[in-house]
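Student: Residue numbers (my numbering): 4 to 445.
Positions of the beta carbon are idealized from the N, C-alpha and C atoms, including for glycine.
Below you'll find the structure I mean.
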């Protein structure tokens, strides 16, 4: 059965009213796939990039559960949501509050960059849902300031990003602390690779697997092309030209390194283009202020590293510009997923130097369509594009070898290790006389 409206999901009237107030009438693909099994109490393993509606896909079922089974007295959190970044934690909590606006549910955040005293309310008052970053939550668990015993559902948002940041061990520790839970949901931008699969197998029990990778049709809402640049200076001139066009309104410019963020933001200001920026080491107050300046329209340009590609909810982004090409197709999709949302069309432009061509081709293979080139007459490149021999296209022999290895990997048996089955059994005692017997046999 295909779910076409939220009312078909038999959600509480308070949730349906909140969805209507936000202008949501039809569930997205990931919501239609994930909400029914989650409402049944099953574990869920979801693959969904940013911009597909995955936050509501896990929030609506847990909110419905809290409404159906209200607690009789105040107590510690019943729902625990882990996120890789502070911004995502804040946005998930805000989204949860909007959906729970017509209920009496309490929602709190625990993140780094916030003074301990500001989290005191989480420890002393009733909380139904807590959204937390892993590092700060681990600190409070070790200090015995956070009670995990009442957690009924554990949700991991952008689990792949948390693994990249090295939080696997901390998450498994938190999973152990919430071992009385009844449900676990894990969402990731991609489920490719053994690391994320093995991690999911250790945490989830017979999960419903759901996916919502944007289709080619959905990506057609986003106009994609690239401009070829001779060097950094030429690339900056191309960037200025794009930003000064009338149809370029709210724009996110992506670079790879935080050093480049400061450099490019300063250059744009010198060129008369006001902007804000976002990178990993900024204090929380400055990060929040930067996003606020953009969403309120005080500036229309945000320069960011890929930390902003994960979970930052900035509405009505007209353009995404890859000043530095991403190193993977997955990151490319996350970047361009910031535009073309909520039924609007968007534009994604990549500025490509000669050394970026391999990355450009990698992106094209990943999204299964080439990114086409365009030229600005007054800013035509003076250098020739790389020849096909220089673009690193794999030979038939290499492709055949890769396919052979893929088949071997598929046939290879996978040992399933679940976190909940792990026990510290210590070193086993060897039977007496083992060494002597072995010596005689030799």
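Going by DSSP in three states, residue 332 sits in which element: helix, strand or coil?
Tutor: Residue state, collapsed to three classes: helix.
Student: What residues match up with residue 325 in a beta bridge as DSSP calls it?
Tutor: 257 and 353.
Student: If residue 37 sits next to residue 60, beta carbons under 8 Å apart, how far is it from one beta carbon to the other, in whole angstroms?
Tutor: Residue 37 to residue 60, Cβ: 4 Å. Contact.
Student: Quick check on the burial criterion: 16 or more other C-beta atoms within 10 angstroms. Buried or exposed for residue 322?
Tutor: Classification for residue 322: buried.
Student: What are the start and end residues of the beta strand (DSSP E) that includes residue 195?
Tutor: Premise fails: residue 195 is in no beta strand (DSSP E) and is neither H nor E.
Student: So residue 176 is in the alpha helix (DSSP H); what residue range does that whole segment cover?
Tutor: Its alpha helix (DSSP H) spans residues 171 to 180.
Student: Excluding the five sequence neighbours on either side, which residues of its own chain have a C-beta within less than 8 Å of the C-beta of residue 368, listed in chain order?
Tutor: 332.
Student: Using DSSP bridges, identify the partner residues of residue 279.
Tutor: Answer is 305, bridged to residue 279.
Student: To the nearest angstrom, how far is it from the Cα of residue 377 to the Cα of residue 94?
Tutor: The straight-line gap from Cα to Cα measures roughly 36 Å.
Student: Under 8 Å: do the stretch 65 to 74 and the stretch 155 to 166 share three or more Cβ pairs, one atom per stretch?
Tutor: Enough Cβ pairs lie closer than 8 Å, so yes.
Student: Taking residue 205 as the reference, give the member of 317, 178, 113 and 373 with the closest Cα.
Tutor: The option with the nearest alpha carbon to residue 205 is 178.
Student: Label residue 393 either buried or exposed according to how many other C-beta atoms from any shown protein chain fall within 10 Å of its C-beta, with 16 as the threshold for buried.
Tutor: Its pLDDT being 48, under 50, residue 393 is placed unreliably in this model, and the value from its coordinates should be taken loosely. That one is exposed.
Student: Alpha carbon to alpha carbon, what distance is there between residue 215 and residue 324?
Tutor: If you take the alpha carbons of residue 324 and residue 215, they lie about 24 Å apart.
Student: Can you tell which of 66, 47 and 364 has the C-alpha that lies nearest to the C-alpha of residue 228?
Tutor: The shortest C-alpha separation from residue 228 is found at 364.
Student: Would you mind giving the Cβ-Cβ distance between residue 90 and residue 290, rounded to the nearest angstrom? I have them listed as a contact below 8 Å.
Tutor: Residue 90 to residue 290, Cβ: 6 Å. Contact.
Student: Expressed to the nearest angstrom, what Euclidean distance is found between the alpha-carbon atoms of residue 271 and residue 320?
Tutor: Answer to the nearest angstrom: the Cα atoms are 19 Å apart.
Student: Could you check whether residue 327 and residue 263 sit closer than 8 Å to each other, using their CB atoms as the reference points?
Tutor: Yes.
Student: For the beta strand (DSSP E) holding residue 135, just list the boundary residues, first then last.
Tutor: From DSSP, the beta strand (DSSP E) with residue 135 extends over 132 to 136.
Student: Relative to the C-alpha of residue 297, which residue among 256, 284 and 330 is closest?
Tutor: Comparing Cα-Cα distances from residue 297 to each of 256, 284 and 330, the minimum goes to 256.
Student: Residue 66 and residue 102 look like a contact to me (Cβ under 8 Å); what is the Cβ gap, rounded to whole Å?
Tutor: About 6 Å separates the two Cβ atoms, so the contact holds.
Student: DSSP on residue 226, reduced to helix/strand/coil?
Tutor: The answer is strand: DSSP assigns residue 226 an E or B state.
Student: Tell me which residues share the same chain as residue 275 and place their Cβ nearer than 7 Å to its Cβ, disregarding the 5 neighbours each side in the sequence.
Tutor: Closer than 7 Å at the Cβ level, and outside the excluded window around residue 275, lies no residue.
Student: If we ignore side chains and look at the alpha-carbon of each, how far apart do residue 107 and residue 143 end up?
Tutor: Between residue 107 and residue 143, the C-alpha separation is close to 26 Å.
Student: Comparing the CB of residue 114 with every heavy atom of the ligand SAH, is any distance shorter than 7 Å?
Tutor: For the ligand SAH, the structure offers nothing, since it holds no ligand at all.
Student: Using the three-state DSSP reduction, which class does residue 449 fall into: helix, strand or coil?
Tutor: For the chain, the structure presents residues 4 to 445; residue 449 sits outside this window and is missing.
Student: Cα separation between residue 166 and residue 356?
Tutor: When rounded, the distance between both Cα atoms is 31 Å.
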